[in-house]
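Residues 21 to 207, numbered by our numbering, are exactly what the sequence shown covers, in order.
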Amino acid sequence: MKWLTLLIALWLITVSSTIWHYGTQDNAAPAACIIVLGAAVQGNEPTPVFAERIRYAVSLYQRGLAAKLIFTGGRGEGNAHSESSVASHFAAQLGVPSDVIYREENSHTTQQNMVEAAAIMRQYGLDSAIVVSDPLHLKRAMWMANDVGIAAVSSPTPTSMYRSLATQLPFLAREVYFIHHYAVTGL
């Protein structure tokens, strides 16, 4: 039993380290579009976490790394607006023209975000993407992007609201759980 506990602990440390390290790498390169993974909204405003994802994606767009933005995320329970509609409005306030923004309003999970983004990419002939999210979210998100056929690179939000260990460790624990969940269920 002692060895099994040690093996499990080593496995969890390895997975955690892999997730952490992956999120430190910015692989942004020219692509057809930028996929911004949804996050919570408050009324018609993005939460601070989501706002940082949107701001960063807009900065990549303004640097000329992609000509289109895809905002993902449906309407959460009790919300009047979808994550993607709030994001597109916020991006417009930052100067992004509406004709370069695509949004999907059906997804409620990261995997659904990727399935819906892939459908938009196919519909508009977009062959490559930069995926933007918080650093600790990207390892799992990129696995999912690959599984749905999106040719993508990742670019972590450098201004993530998860800055202190007190906020990063629970996020990391959540990602360790969800990466195992995805490995087992595909969801």
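For glycine and all other residues, C-beta sits at the position ideal for the given N, C-alpha and C.
Just so we're clear, the structure is a prediction, and the values are computed from it rather than from any experiment.
Ordered list of alpha helix (DSSP H) runs contained in the stretch 68 to 105, each at least 4 residues:
68 to 82
For Met-141, which residues in the same chain have their Cβ closer than 8 Å to its Cβ, ignoring the five residues on either side in sequence?
The answer, listed in chain order, is Ala-52, Cys-53, Ile-90, Asp-147, Ala-149, Ile-170.
From Asn-133 to Ser-127, what does the alpha carbon distance come to, in whole angstroms?
5 Å
Is it a yes or a no for the stretch 34 to 42 touching the stretch 69 to 82, going by three-plus beta-carbon pairs under 8 Å?
no
When the Cα of Gly-63 is compared with those of Gly-96, Glu-124, Gln-143, Ala-111, which residue comes out closest?
Gly-96
Does the stretch 59 to 78 come close enough to the stretch 104 to 121 to have 3 or more Cβ pairs within less than 8 Å?
yes
Could you give the residue range of the beta strand (DSSP E) that holds Pro-176?
Run containing Pro-176: 172 to 176, per the beta strand (DSSP E) assignment.
So what's Glu-65 in DSSP terms, helix, strand or just coil?
strand
Residues that Ala-149 bridges to, as DSSP identifies them
Beta-bridge pairing by DSSP links Ala-149 to Cys-53, Ala-172.
How about the stretch 99 to 109 and the stretch 195 to 206: do they share at least three Cβ pairs that are nearer than 8 Å?
The answer is no - the stretch 195 to 206 does not touch the stretch 99 to 109, with fewer than three Cβ pairs under 8 Å.
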